[in-house]
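Worksheet for the structure shown next.
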Amino acid sequence: MTDVAERAAAGFRTRYGEPPAGRWAAPGRVNLIGEHTDYNDGFVLPFALPLRTVAAAAGQDGARWTVWSELSDETVTFGADEVAEPGRVTGWGAYVAGVVWALRDAGHDVPGARLAIASDVPLGAGLSSSAALEAAVLTALVDLGGLDLPAERQPRLAQRAENVYVGAPTGIMDQSAAIRCRDGHALFLDCRTEEVEHIPFDLHAAGLAMLVVDSHAPHRHADGEYAARRRSCEAGAARLGVPALRDVGVDQLDTALARLDDPETRRRVRHVVTEDQRVLDTVALLRAGRVREIGPLLTASHVSMRDDFEITVPEIDTAVEAALAAGALGARMTGGGFGGCVLALVEADAAEAVADAVTAAYAEKGFPAPGHVTVLPAGGATRLD
Ligand code: ADP
Ligand code: MG
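Rendered as structure tokens:
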């Protein structure tokens, strides 16, 4: 397929009859480690993918916004009325209207604009196509309007677009990753303080790569199960008398677990507390340049999600087991669970063999074939031209 930036520009020219004033790209992301820690005020460690969403854009007079997406070959148009309050634009256009609404709500004078969107980020696979779309649109509008909104304040705004305008309850990770990630680095994010730190994660220099397997597993009951996990964590924190599970250190874990009578809550708490520690351990290894050694932490994270948090499904476990058996240094489900993607840390020259092994294991169990892509950590939202 043609390059995504080309497709966005071509879409713009076809739709609006002239070239765009510029193009802005924002990446999908995966979370290297730190699952279900975000709403427990803990730590996450996403990195940006080389898969991107591109917005080709130019200004237009008045408070009018027109956006076309290659995805459905549809155009959505809205004006000041539709962005006066959340909910007036629905469907995919809501992500774009939400960004305009959030900017205006924060007092910015948002320029009218025409946009054309193309994307290589698969939708709904857990790679955060929604944040990539928000970030591409947001950075385009900020630049077109010369708005005073530094990068560190942009994730919060994109998150508001998604939480309040679209109505999807997400944490700050996806938007932070889409906007703030750096090439060759992972983004260490403290979900309590929202402070970020760029952690060297140069897989290429280490002769490694990350295989991302799309499990193609249907998201079974994901929303209800997610809500139930959050409730368990809140109940655990309340019982332990802490503001959030982040406040339970791994050295106090045994004492804390002994105070919980419900075995299910105990397992949920154990996952969150040990997962926070695995993020810290991963960050420490990466800071020390010991990239290869993070493999066992990734696998331990998976085991914890499978056995304690109980959010994996057979397709996902099959992919992890097959990748490890084929020589991956570590493997885990990434994302909220009940489907989505698996990450496998592999020797760069073994990526295809590991992918083949996963495909073969799927075939043996009669699952529909998985998708896969090999990636290196990429940069966050940026203007292309
Ligand atoms: P994820 O972020 O994991 O991919 P979400 O359900 O959060 O899944 O977001 C997917 C939604 O975002 C899509 O259903 C669509 O409404 C919107 N979206 C994302 N990328 C695009 C795009 N390139 N064009 C149009 N809509 C998009
Ligand atoms: Mg999303």
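Heads up: the sequence shown begins at 10 in our numbering, then just goes up one per residue. Glycine residues also receive a C-beta, built at the ideal position from the N, C-alpha and C atoms.
Delimiting residues of the alpha helix (DSSP H) encompassing residue i
i	result
Cys242	231-249
Gly304	304-316
Ser128	Not the alpha helix (DSSP H): Ser128 falls in the beta strand (DSSP E), residues 122-128.
Ala265	262-267
Trp110	102-114
Ser138	138-154
Ala331	323-334
Beta-carbon proximity list for residue i, same chain, < 6 Å, skipping 5 on both sides
i	result
Ala231	Phe347
Ser241	Thr274, Arg277
Gly102	Val85
Ala64	Trp33, Leu124, Ile126, Ala145, Val146, Ala149
Leu112	Val119
Ile303	Thr291, Leu294
Phe87	Trp74, Val98, Ala106
Exposed unless 16 or more other CB atoms sit within 10 angstroms - verdict on residue i
i	result
His45	buried
Leu295	buried
Gly233	exposed
Thr264	exposed
Gln168	buried
Arg61	buried
His311	buried
Pro164	buried
Glu206	exposed
Gly176	exposed
Gln261	exposed
Ala93	exposed
Ala247	exposed
Thr321	buried
Thr11	exposed
Gly336	exposed
Ala362	exposed
Glu143	buried
Asp129	buried
Gly43	buried
For residue i, the first and last residue of its enclosing beta strand (DSSP E)
i	result
Val85	83-88
Leu220	217-223
Glu356	350-356
Gly20	Per DSSP, Gly20 belongs to no beta strand (DSSP E); it is in the alpha helix (DSSP H), 13-25.
Asp199	194-199
Trp33	31-40
Leu60	55-68
Val382	380-384
Leu209	The sequence shown places Pro at residue 209, not Leu. Per DSSP, Pro209 belongs to the beta strand (DSSP E) from 205-209.
Close Cβ partners of residue i (< 7 Å) along its chain, the five nearest in sequence each way excluded
i	result
Glu91	Arg97, Val98, Ala106
Pro379	Val222, Asp223, Ser224, His225, Ala328, Val367, Thr368, Tyr371
Pro305	Gly339
Tyr235	Gly345
Ala115	Leu166
Sequence-distant residues of its chain with Cβ nearer than 8 Å to residue i (five each side left out)
i	result
His213	Gly193, Ala357, Leu385
Asp50	Cys200, Arg201, Pro252, Ala253, Leu254, Arg255, Asp256
Ala364	Leu220, Val222, His381, Thr383
Leu269	Gly245, Arg248, Leu249, Arg275, Val278
Asn172	Pro178, Thr179
Asp152	Gly31, Trp33, Arg392
- At least three beta-carbon pairs within less than 8 Å, the region 306-319 to the region 73-81: Between the region 306-319 and the region 73-81, the count of C-beta pairs closer than 8 Å stays below three; the two stretches do not touch.
- Query: Below 8 Å, can you find three or more Cβ-Cβ pairs linking the region 339-353 to the region 127-139?
  - Reply: yes
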